[in-house]
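If you're matching them up, the sequences are chains A and B in order.
Each residue of the first sequence is one higher than the one before, starting from 3 at the first, in the working numbering.
Each residue of the second sequence is one higher than the one before, starting from 3 at the first, in the working numbering.
Quick reminder that beta carbons are idealized off the backbone N, C-alpha and C, glycines included.
2 protein chains.
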Amino acid sequence: MQQGTNLPKVGSYNRAVVLEAIQASDGISRVQIAAVTGLTAQTVSVIVRRLLEEGLVVEDGSAPSSGGKPRTILRVEARAGYAVGVHFDPQELSFVLADLAGRPVARLHQPVRPGARPDTVIRQMATASRRILREAGVPDAKVLGVGLACPGPFDGAGVMVSPPRLPGWDRVPIEGLLREYTRFPVTVDNDATAAAIGERWAGIARSTPSFAYLYLGTGIGGGLFLDNQVYRGRSLNAAEFGHITVEPDGPECYCGNRGCVEAVCCPSAIEAAMRASGAGGRSDHADHADHAAICAAAAAGEPRARRVIERVAGRLADAAVSLVNMLDIDLLVLGGPALREVGEIYRAVIARAVSGRTLARRLHAVRVETSPIAADAAAIGAASLVFHATYAPRLGTLPSRQM
Amino acid sequence: MQQGTNLPKVGSYNRAVVLEAIQASDGISRVQIAAVTGLTAQTVSVIVRRLLEEGLVVEDGSAPSSGGKPRTILRVEARAGYAVGVHFDPQELSFVLADLAGRPVARLHQPVRPGARPDTVIRQMATASRRILREAGVPDAKVLGVGLACPGPFDGAGVMVSPPRLPGWDRVPIEGLLREYTRFPVTVDNDATAAAIGERWAGIARSTPSFAYLYLGTGIGGGLFLDNQVYRGRSLNAAEFGHITVEPDGPECYCGNRGCVEAVCCPSAIEAAMRASGAGGRSDHADHADHAAICAAAAAGEPRARRVIERVAGRLADAAVSLVNMLDIDLLVLGGPALREVGEIYRAVIARAVSGRTLARRLHAVRVETSPIAADAAAIGAASLVFHATYAPRLGTLPSRQM
């Protein structure tokens, strides 16, 4: 049932709305904040004064206004707070130290030892988080928390349940353990949702009300912002774009479905398609190429590799058309490590489909963009989880976690 | 950008939250309202007193409580207000007079004269709306408004733009004209979104936070409630479930895509599939059957018709799996006139797919239900549009219309 609200909630909600308006802009005046948020000039003025006092926001020069005196420009004070973002991929741990503006200040990558026990990996996360803070000279008092981006699925308490690519990680209380080992607040989310939150906080989706994030990694996932709110779904497992059916009679997927995007478009499927493309005729070294080599060959214009990637992009485009018709969004962001070298091939194929085959295309354009932070999207997003949990406007509904 | 809020908005929001909690229940006490809405007992008490004074709510007996005195049960006063719901289908106009509890009090069906000019049809809507009110003896003072459910797509002002099955209706200012001819407030929405709002206000989705409505009529559409809010998308054209790709190399769809749900599963596609199923061999009268006859035959167990309907249900099931994986909803409602006789065949096939092939199936069950008001869903939904526009809790965001 929809939740009611009260005065203290309204106060912190409006405060978050103002902070978000400042963060989403490249410098904004009080008058402009009032215009974009619908708040009165007086309310904006009171909230901004408090944000200035707390050091979360700074005045940064002035801009000419239409008549009258120049308007003071406000920006988020990037050095007011920091968060460590941890991206837990089955093969690798990525760490980013981000400032409050969402900019990465330091990075660290470490392999995950194959077969390592969960407790060992979580201790490794804690040690590396401490190390990146120490090397950057950020004191504990400035740390808002640690954000952790993991593969799903999650249960209602944010615990991974039988993650398909992480045997041994079923129902590990990762959030609690990482909190214990780091002694910082910890926020956990799905890797693709984290990447979407990163784009919203600091990336190309800053002021976009509704957008989808298509995350291409070892698997394929997604994240959703709908009407200015992250949408997580009933069990925190929305936006599983990897499990849109694109080939009804296609290969079986581990999820129990057939012909899923992931079963057809993930790196191992691309490797299999490359081998199959040479079948029945000559066989050459391309048949044994791994995903990275195939992408490099496609980017260099090698015809077989290029055909394989374009065919996969075509299937992703089919899913993107369904997605846009279902959610009528403004923007589709492509990100994740599997885009390396071939991001523009994917973007072009998907953009052509979305601009030519969606139902509402004559009513408004849907942008398709590759994330400029694609490779580190989940780690930067993980850091943004902390800022989002601390500062994003939410009102009248409890966070999904508390359902 | 997310909108701020203020005290008057909070007051009317909480009021709507309480009214919705009462309407969603089969009788609820003040204590229970506080529990489900998170509002304090005192806030609930003040709001309920006002709703009683206004006559929107009545006290209706009492229920035993755990210790202490029995609790007074509250219900919406059905006779406090009425709305006329109009469903504009290319072939037929359906009218429902609904009371505030969303129950149909009277019904009226009229054919649309083929080739009739828009102004003639809109005058027909107004005359019939007046007639249904007069015959039921509802005075103007009790009429909250007229709700109109139309085929999309819509522009940002709620005007139909090139509706594919309604040539001549491009950009007709239908809302304004119907307001002028009836002299009541008019609320227009997509037919499938209206049906979803009807299920939420008075049907099987009353207390479901996130659900999808799959509407099967001449075309195939849908509606979405996500996190307790109707989701309309950037241009009011979300939930176009008829344009999810289910056969990548399938027939062309008028929308510009190939193998859409609608191109494969709509009544005319079912008729074509029936003809094709007899091709190459014997030909009998079944090859010339219309959709209604095919559905009747399938319901009676005729094998060819049954196979055709089950195959179509299988394609809808593929789309439903994608939908559930994308939105992680609690409930999928099937409704619309094309379900007549074959609702249970569709429901069974789709329910089996959703419970066996979705990613989060081990975390929570997703109910698949046929709407008990399937045939009149859009008209009852149209009436509910008025109640929803008047009473649904919304806060901090402007209605999409005002973007």
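At a cut-off of 9 Å between beta-carbon atoms, Arg236/B makes contact with chain A. The C-beta of Asp91/B comes no closer than 9 Å to any C-beta of chain A. Contact check for Tyr215/A against Ala197/A passes: the beta carbons are separated by less than 9 Å.
Annotation for Ala151/A: no alpha helix (DSSP H) segment contains it, though the beta strand (DSSP E) segment containing it runs Val145 to Cys152. In this structure, the alpha-carbon of Ala315/B lies about 10 Å from that of Arg308/B.
Residue state for Pro211/A is assigned as coil, using DSSP reduced to three classes. Within a 10 Å sphere around the beta-carbon of Arg119/B sit fewer than 16 other beta-carbons, which makes this residue exposed. With distances taken between CA atoms, Gln231/B lies nearest to Ala391/B out of Cys267/B, Ile24/B, Ala391/B and Val60/B.
For the pair Gly337/A and Gly87/A, the CB atoms are not nearer than the 9 Å cut-off. Secondary structure of Thr129/B (DSSP, three-state): helix. For the 9 Å CB-CB criterion, Glu94/A and Gln112/A form a contact. Secondary structure note for Tyr393/A: its alpha helix (DSSP H) is the uninterrupted segment Ala379 to Tyr393. The C-alpha of Phe389/B is placed about 11 Å away from the C-alpha of Ala18/B.
At a cut-off of 9 Å between beta-carbon atoms, Ser270/A makes no contact with chain B. Contact check for Phe243/B against Ile272/B fails: the beta carbons are separated by 9 Å or more. Within 10 angstroms of the beta-carbon of Val33/B lie fewer than 16 other beta-carbons, which makes it exposed. Under the three-state reduction of DSSP, Ser47/A is assigned to helix. For Leu102/B, the closest Cβ of chain A is not nearer than 9 Å.
With contacts defined by Cβ atoms closer than 9 Å, Gly178/B and Ala362/A do not form a contacting pair. DSSP places Pro269/A in no beta strand (DSSP E) but in the uninterrupted alpha helix (DSSP H) bounded by Pro269 to Ser279. Per DSSP, the beta-bridge partners of Leu218/A are Ile222/A. In terms of Cα proximity to Thr210/A, the closest of Val368/A, Gly280/A and Ile124/A is Val368/A.
Cβ-Cβ distances below 6 Å link Glu343/A to Cys297, Ala298 and Ala301 in the same chain, with the five nearest sequence neighbours on each side left out; the list follows chain order. Thr247/A places its beta carbon 9 Å or farther from that of Ser357/B.
Taking 7 Å as the Cβ-Cβ cut-off, the segment 217 to 230 of chain A approaches chain B at Leu228, Asp229 and Asn230, given in chain order.
DSSP assignment within the segment 66 to 116 of chain A yields the following whole beta strand (DSSP E) runs of 3 residues or more, N-terminal first: 73 to 78, 84 to 90, 94 to 101 and 106 to 113. Residue range Arg369 to Thr372 is occupied by the beta strand (DSSP E) that includes Thr372/B, with no alpha helix (DSSP H) assigned at that position. In this structure, Leu41/B sits away from Phe90/B, with a CB-CB distance that is not shorter than 9 Å. Going by DSSP, Gly337/A is part of no alpha helix (DSSP H) but of the beta strand (DSSP E) stretching over Leu333 to Gly337. Pairing Ala275/B with Val310/B, the inter-Cα distance amounts to about 7 Å. Proximity of His290/B to chain A, defined by a Cβ-Cβ separation below 9 Å, is not satisfied. Interface criterion not met: the Cβ of Gly178/A is under 9 Å from no Cβ in chain B. Closer than 9 Å to the CB of Thr129/A there is not a single CB belonging to chain B.
In this structure, the alpha-carbon of Val140/B lies about 32 Å from that of Leu168/B. From the beta-carbon of Phe243/A, the residues of chain B found nearer than 7 Å are Met328.
About 7 Å separates the beta carbons of Met328/B and Met328/A, which is inside the 8 Å limit, making them a contact pair.
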